[in-house]
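Residue numbers (our numbering): 1 to 386. Ideal placement from N, C-alpha and C gives every residue a C-beta, glycine not left out.
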């Protein structure tokens with residue numbers, strides 16, 4: 001039933017919005033629906049307010065929950081309210097397209113505050129006078145003034161508009177405070193995060209979202225698991241959100257690795273090399289590890305040495321490539337031993353094709369390998385052009 005609903009959602013997104021299938025599949029994992037009644041009403045509402053198909057596609061990609069919102073009783077009144085405050089059609093469509101989550105906010109006062117701040121940022125960027133933002137606008141509430149000041153600081157650091165908006169619209173109010181914001185920002189900057197990247201924003205989310213005591217407790221938890229303090233912060237730089245995982249989530253991940261017969265030392269090395277593996281679901285970790293070890297006969301230590309495989313899609317990357325390798329081994333074209341795991345899975349699609357598929361003189365074999373590799377995937381031409 002779930003698969004059927006997701007399939008319908010993907011088809012709808014591709015047919016109604018012209019989205020790429022890969023994008024539609026990603027959205028279907030966040031929101032899905034059984035019929036087109038509600039989504040149609042939302043799209044119709046947006047078009048009636050002057051949004052172009054390109055803008056609507058961008059809005060739904062960024063904030064797919066709109067498709068299951070009540071268009072008539074929720075989205076419509078919010079758009080009319082913003083128009084009643086003097087927003088022109090072109091202004092309204094531009095602002096909402098940039099930050100569609102505004103339509104997910106509740107209360108006219110909250111919507112107004114976010115809309116006005118986004119508008120100010122957009123206009124300041126256009127005029128290249130961002131440094132005058134805090135001084136050219138009427139002073140509002142303490143929170144509004146904090147937002148303006150903090151936004152200016154972030155912009156001066158080089159945080160791009162799109163990342164700035166993700167911080168601004170966050171339910172956690174990351175740019176609303178003063179002292180805590182400044183302390184958290186200084187820590188993230190001192191750690192060397194690049195302000196132009198999403199990792200900078202994620203790190204700020206984590207550091208500002210927890211008290212110093214909570215962060216210390218989380219670091220101590222990793223220390224008990226065998227990590228040095230320096231290791232924890234190096235992993236944080238690679239994957240900031242790993243520090244936000246609950247103790248239960250961490251314990252479950254460790255338990256999963258132990259059940260698969262990884263040693264404690266191997267687990268520590270795996271997490272150091274690929275911190276996101278500590279947050280993967282038990283089902284995903286088991287499926288991927290068991291496939292590589294039991295079906296493909298790579299030793300468990302190969303997975304421990306290259307834990308990035310846990311982050312790869314089993315269906316779209318690992319299985320198709322491994323099926324190609326199995327055919328080559330069965331025909332004696334790779335010798336009797338499996339190539340290193342990283343040489344098979346870490347390289348790009350074009351590199352894999354060149355190394356294991358298109359180099360063969362036997363055209364029938366090449367066609368067979370291409371059919372295996374591209375099953376349920378995009379065309380071979382797309383891969384070779386990447």
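Practice prompt. In angstroms with no decimal places, state the Cα-to-Cα distance between residue 284 and residue 36.
Written response: Inter-residue distance for residue 284 and residue 36 is about 31 Å (C-alpha atoms, whole angstroms).
Worksheet item: Cα-Cα, which of 355, 335, 343, 323 is closest to residue 372?
Response: Proximity to residue 372 across 355, 335, 343, 323 peaks at 323, based on C-alpha coordinates.
Fill in: Three-state secondary structure (DSSP) of residue 296
Looking at residue 296 - three-state DSSP - the assignment turns out to be coil, as it is neither helix nor strand.
Worksheet item: Relative to the alpha-carbon of residue 153, which residue among 181, 126, 166 has its alpha-carbon at the smallest distance?
Response: By alpha-carbon distance to residue 153, the top candidate from 181, 126, 166 is 181.
Practice prompt. Check the C-beta distance from residue 275 over to residue 239 and give it rounded, since I have them as a contact under 8 Å.
Written response: The C-beta separation of residue 275 from residue 239 comes to about 4 Å, placing the pair in contact by the 8 Å criterion.
Worksheet item: Exposed or buried, residue 2, counting other C-beta atoms within 10 Å across all chains shown (16 or more means buried)?
Response: By the neighbour-count rule (16 or more Cβ atoms within 10 Å), residue 2 is not buried but exposed.
Worksheet entry | Contacts around residue 33, its chain only, beta-carbon distance under 8 Å, and the 5 residues preceding and following it disregarded | Within the same chain, residue 33 has close Cβ partners 5, 8, 9, 12, 39, 67, 68.
Worksheet item: Hey, residue 55 and residue 97: beta-carbon distance below 8 Å or not?
Response: The answer is yes: Cβ separation under 8 Å.
Item to complete: May I ask you to report which of helix, strand or coil DSSP gives residue 212?
Response: Residue 212 carries a helical assignment under DSSP once its states are collapsed to helix, strand and coil.
Fill in: Closest Cα partner of residue 117 within the set 165, 76, 70
For residue 117, the closest alpha carbon among the candidates 165, 76, 70 is that of 165.
Worksheet item: Around the C-beta of residue 150, are 16 or more other C-beta atoms found within 10 angstroms, so that it is buried, or is it exposed?
Response: The residue is buried, with at least 16 neighbouring Cβ atoms inside 10 Å.
Worksheet entry | Exposed unless 16 or more other CB atoms sit within 10 angstroms - verdict on residue 15 | Residue 15 is exposed by the Cβ-count criterion.
Item to complete: Assign residue 18 to one of three DSSP states: helix, strand, or coil.
Response: DSSP places residue 18 in coil when its eight states are reduced to three.
Fill in: Three-state secondary structure (DSSP) of residue 35
Coil, per DSSP.
Fill in: Cβ shell of residue 375 (< 7 Å), same chain only, five flanking positions each side left out
Short of 7 Å from the beta carbon of residue 375, and not among the five residues preceding or following it, lie these beta carbons of its own chain, in chain order: 320.
Worksheet item: Does the count of Cβ pairs from the stretch 256 to 275 and the stretch 215 to 227 closer than 8 Å reach three?
Response: Under the three-pair Cβ rule at 8 Å, the stretch 256 to 275 counts as touching the stretch 215 to 227.
Discussion item. Measuring only the C-alpha atoms, how far is residue 85 from residue 65?
Written reply: Rounded to the nearest angstrom, the two C-alpha atoms are 25 Å apart.
Worksheet item: Looking at C-alpha atoms only, which residue of 271, 256, 159, 273 is the closest neighbour of residue 287?
Response: Nearest of 271, 256, 159, 273 to residue 287, Cα basis: 256.
Discussion item. So, at 6 Å on beta carbons, what are the nonlocal neighbours of residue 71 in its own chain, with the 5 sequence-adjacent residues on each side left out?
Written reply: These residues qualify, in order along the chain: 41, 42, 45.
Item to complete: For residue 31, collect the residues of the same chain with a Cβ closer than 8 Å to its Cβ; drop the 5 residues on either side in sequence, then sort them by chain order.
Response: Closer than 8 Å at Cβ, skipping near neighbours: 9, 64, 65, 67, 68.
Item to complete: With a threshold of 16 other CB atoms inside 10 Å of the CB of residue 298, please say whether the residue is buried or exposed.
Response: Label assigned to residue 298: buried.
Worksheet item: When the Cα atoms are used, what is the spatial distance from residue 326 to residue 261?
Response: Each residue's Cα considered, the two are about 25 Å apart.
Practice prompt. Using beta-carbon positions only, say whether residue 311 and residue 277 come within less than 8 Å of one another.
Written response: The answer is yes: Cβ separation under 8 Å.
Worksheet item: Among 121, 60, 247, which residue has its Cα nearest to the Cα of residue 148?
Response: Closest by alpha carbon: 121.
Worksheet item: DSSP three-state call for residue 263: helix, strand or coil?
Response: Looking at residue 263 - three-state DSSP - the assignment turns out to be coil, as it is neither helix nor strand.
Practice prompt. Can you grab the Cα-Cα spacing for the pair residue 192 / residue 202, in whole Å?
Written response: Using only the alpha carbons, I get a separation of about 13 Å.
Fill in: Distance between beta carbons of residue 198 and residue 245, contact taken as under 8 Å
About 18 Å separates the two Cβ atoms, so there is no contact after all.
Worksheet item: Which whole runs of the alpha helix (DSSP H) in the stretch 327 to 364 are 4 residues long or more, in chain order?
Response: Qualifying alpha helix (DSSP H) stretches, in chain order: 341 to 345, 349 to 356.
Worksheet item: Does the beta-carbon distance from residue 318 to residue 345 come in below 8 Å?
Response: Result yes, Cβ atoms of residue 318 and residue 345 sit closer than 8 Å.
Item to complete: Give every residue of the same chain whose Cβ lies closer than 8 Å to the Cβ of residue 23, excluding the five residues on either side of it in the sequence, and list them in chain order.
Response: Around residue 23: 13, 61.
Discussion item. To the nearest angstrom, how far is the alpha carbon of residue 335 from that of residue 315?
Written reply: Their backbone Cα atoms lie some 26 Å apart in a straight line.
Worksheet item: Around the C-beta of residue 178, are 16 or more other C-beta atoms found within 10 angstroms, so that it is buried, or is it exposed?
Response: Exposed, by the Cβ-count rule.
Discussion item. Please report the distance separating the alpha-carbon of residue 99 from that of residue 49.
Written reply: Answer to the nearest angstrom: the Cα atoms are 16 Å apart.
Item to complete: Check whether the Cβ atoms of residue 236 and residue 279 lie closer than 8 Å to each other.
Response: The answer is no: Cβ separation not under 8 Å.
Worksheet item: Can you tell which of 358, 106, 304, 289 has its C-alpha closest to the C-alpha of residue 273?
Response: Looking only at 358, 106, 304, 289, the smallest Cα-Cα distance to residue 273 is reached by 304.
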